[in-house]
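Trainee: Each step along the sequence shown adds one to the number in the UniProt record's numbering, with nothing skipped, and position 280 is 280.
Glycine included, every Cβ here is placed at the ideal spot set by N, Cα and C.
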Amino acid sequence: MGRYLLRSATSTSSTSPAQDSDDDTTSTITSKKINPYRFYMEWHGHPISSLRKFHNTVQTLRPTQPIIWLAGDSSLDNKYWVPSSGPGGEPLTVPVPEIYNSVLEHPRINPDVAFWMNHHLSSRATCINTSVEATMLRERDDHLNKHDTFIQNNISSNDALVVSIGANDIALRPTFSTIINMLNLAWLTRRTAIETGSASPLAYFAELFGARIQEYISRITSKTKPRVVIVCMIYFPLEAGKGQQGWADVNLKALGYNRYPSQLQTAIQKIYEIGTQTIRVPGVKVVPCPLYEVLDGQDPADYTARVEPSSEGGRKMAAKFVEMLEREGVVDSRANFF
């Protein structure tokens, strides 16, 4: 589809100079395709050199279509946690989105969130995953990482940004203050105090998932304001007894999640209300998205290792994001597109 659109835009005759130019462009794109093994084997985000090739190809083939950028952690960069479609992996349940045939040397894909975004978007837009597994918000306090900077330097006013970050500041490498406030919330706070918003530890997490994520988004969009930013609140971890184990098991147990999951779930909902939903960035429309309404904390099919989106979980998240992008007018609705 991408080549067809480019060809039809540059030529109406098979013998015209413009047609020759398109052939040259296609040849150049082919010579710059990305090695899929290198692209997916780097678990800590995609290599910047590969992202640059991906972006250049998209700009050439789809110059008028928006790009949907993913920023944050493994809640979006879940490629490590889903099986490859290559040898020894699992076959895809849907055809490979056309853009990957133009970008990768071989369409051996990990069905991560970005894959499902591109599946749902078709040729209406392109999703580029610039989020980074195992990273934290506080690592960006002094400066953006190289993937965030890549977004900052390349996002356009026609694009959209999806952000999901902050959970690793609690689950992966929490500070002493985070540990104290989290244990207080989990064990020393009444549920009713969480529900009413009067629990004192809530202010700490409202600042983390509110003001600090707001500052993060402001810096990424400081050069160019996209059409919309979707900012996510994390999903509920998979509840215990569902046949999965993962790297966050010790922390989940310490927070009482294995015995009293509703305590943490109630806190996540309240932090979304008093933190995520308060985010404002001048010149940008910010739309909050509670991922706990997308993934089912009692359904193991949505998860890998209890805290990472599975392929099915990523599919659900992508469908929600695309639905929101359609509603905000960033991409045409499928009813109008097809």
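Whole angstroms are fine: how far does the CA of threonine 130 sit from the CA of aspartate 159?
Mentor: On the sequence shown, residue 159 is found 159 positions in, with the first residue counted as 1. On the sequence shown, residue 130 is found 130 positions in, with the first residue counted as 1. Their backbone Cα atoms lie some 14 Å apart in a straight line.
Trainee: Would a C-beta distance cut-off of 9 Å place isoleucine 128 and valine 58 closer than the cut-off?
Mentor: What you label residue 128 is simply residue 128 of the sequence shown in a count that begins at 1. What you label residue 58 is simply residue 58 of the sequence shown in a count that begins at 1. Taking 9 Å as the Cβ cut-off, isoleucine 128 and valine 58 qualify as a contacting pair.
Trainee: Out of Leu238, Gln263, Ser333, point me to the one whose CA is closest to glutamate 308's CA.
Mentor: Locating residue 308 in the sequence shown gives position 308, where the first residue counts as 1. Cα-wise, what sits closest to glutamate 308 is Leu238.
Trainee: I need the DSSP call for leucine 104, collapsed to helix, strand or coil.
Mentor: For this step, residue 104 is matched to residue 104 along the sequence shown. Three-state result, leucine 104: strand.
Trainee: Secondary structure at proline 237, three-state DSSP: helix, strand or coil?
Mentor: Walking along the sequence shown from the start, residue 237 turns up at place 237. Coil.
Trainee: Using C-beta distances below 7 Å, list every residue in its chain close to asparagine 154, excluding the 5 sequence neighbours before and after it, in chain order.
Mentor: Position 154 of the sequence shown, counted from the first residue, corresponds to residue 154. The residues are His55.
Trainee: Report the rounded CA-to-CA distance for threonine 135 versus leucine 61, giving the unit in angstroms.
Mentor: Looking up residue 135 in the sequence shown gives position 135. Looking up residue 61 in the sequence shown gives position 61. In a straight line, the C-alpha of threonine 135 is about 32 Å away from that of leucine 61.
Trainee: With 16 as the cutoff for other CB atoms within 10 Å, does arginine 280 come out buried or exposed?
Mentor: Taking the sequence shown and counting its residues from 1, the one referred to as residue 280 is at position 280. Exposed, by the Cβ-count rule.
Trainee: Following a CB-centred definition, is lysine 285 positioned closer than 8 Å to any heavy atom of the ligand ATP?
Mentor: This structure does not include the ligand ATP; it has no bound ligands of any sort.
Trainee: Less than 9 Å between the C-beta atoms of tyrosine 292 and isoleucine 234, yes or no?
Mentor: For the purposes of this step, residue 292 is taken as residue 292 along the sequence shown, with counting starting at 1. For the purposes of this step, residue 234 is taken as residue 234 along the sequence shown, with counting starting at 1. A contact, by the Cβ cut-off of 9 Å.
Trainee: Give me the Cα-Cα distance between aspartate 24 and lysine 32, rounded to the nearest whole angstrom.
Mentor: Along the sequence shown, read from residue 1 onward, the residue named residue 24 stands at position 24. Along the sequence shown, read from residue 1 onward, the residue named residue 32 stands at position 32. Note that aspartate 24 scores a pLDDT of 36, beneath 50, so its modelled location is shaky and nothing firm can be said.
Trainee: Check the DSSP bridge columns for lysine 285 and list the partner residues they point to.
Mentor: Residue mapping note: residue 285 aligns to position 285 of the sequence shown, counting from 1. Lysine 285 is bridged to Val228.
Trainee: Nearest by alpha-carbon distance to glycine 297: which of Ile220, Asn101, Trp43, Pro261 is it?
Mentor: The residue given as residue 297 occupies position 297 in the sequence shown. The shortest Cα separation from glycine 297 among Ile220, Asn101, Trp43, Pro261 belongs to Pro261.
Trainee: In this structure, does DSSP put leucine 61 in helix, strand or coil?
Mentor: Taking the sequence shown and counting its residues from 1, the one referred to as residue 61 is at position 61. Note: leucine 61 maps to helix in three-state DSSP.
Trainee: Is the beta carbon of aspartate 77 closer than 9 Å to that of valine 163?
Mentor: Here residue 163 is taken as the residue at index 163 of the sequence shown, counted from 1. Here residue 77 is taken as the residue at index 77 of the sequence shown, counted from 1. It is not a contact, given that the beta carbons lie outside the stated cut-off.
Trainee: Is it true that the CB of threonine 64 sits closer than 9 Å to the CB of leucine 161?
Mentor: Residue 161 sits at position 161 when you count from the first residue of the sequence shown. Residue 64 sits at position 64 when you count from the first residue of the sequence shown. No.
Trainee: Rounding to the nearest angstrom, what Cα-Cα distance links threonine 26 and lysine 53 in this structure?
Mentor: For the purposes of this step, residue 26 is identified with residue 26 of the sequence shown, where counting begins at 1. For the purposes of this step, residue 53 is identified with residue 53 of the sequence shown, where counting begins at 1. With a pLDDT of 44 at threonine 26, under the threshold of 50, the modelled position of that residue is not reliable, and the figure given next carries that caveat. Approximately 14 Å between the Cα atoms of the pair.
Trainee: Among Gln214, Ala254, Asn101, which residue has its Cα nearest to the Cα of leucine 185?
Mentor: The sequence position of residue 185 within the sequence shown is 185, counting from 1. Taking only the C-alpha atoms, the option nearest leucine 185 is Ala254.
Trainee: Under 8 Å by Cβ, that's how I've got tryptophan 69 and arginine 315 pegged, so tell me the actual separation to the nearest angstrom.
Mentor: Residue 69 sits at position 69 when you count from the first residue of the sequence shown. Residue 315 sits at position 315 when you count from the first residue of the sequence shown. A Cβ-Cβ separation of about 19 Å leaves tryptophan 69 out of contact with arginine 315 under the 8 Å criterion.
Trainee: Assuming valine 330 and valine 286 form a contact by the criterion Cβ under 8 Å, report the distance between their Cβ atoms to the nearest whole angstrom.
Mentor: Residue numbering aside, residue 330 sits at position 330 when the sequence shown is read from its first letter. Residue numbering aside, residue 286 sits at position 286 when the sequence shown is read from its first letter. Actually they do not touch by this definition, with Cβ atoms about 13 Å apart.
Trainee: Just to confirm the assignment: which complete beta strand (DSSP E) runs, minimum length 3, are found wholly within the region 87-164?
Mentor: 126-129, 160-164
Trainee: Hey, would you say glutamine 245 sits closer than 9 Å to arginine 306, going by beta carbons?
Mentor: As a first step, residue 245 must be located in the sequence shown, where it is residue number 245. As a first step, residue 306 must be located in the sequence shown, where it is residue number 306. Taking 9 Å as the Cβ cut-off, glutamine 245 and arginine 306 qualify as a contacting pair.
Trainee: Should tryptophan 187 go down as buried or exposed, given a rule of 16 or more other Cβ atoms within 10 Å for buried?
Mentor: Here residue 187 is taken as the residue at index 187 of the sequence shown, counted from 1. Exposed, because fewer than 16 other Cβ atoms sit within 10 Å of the Cβ of tryptophan 187.
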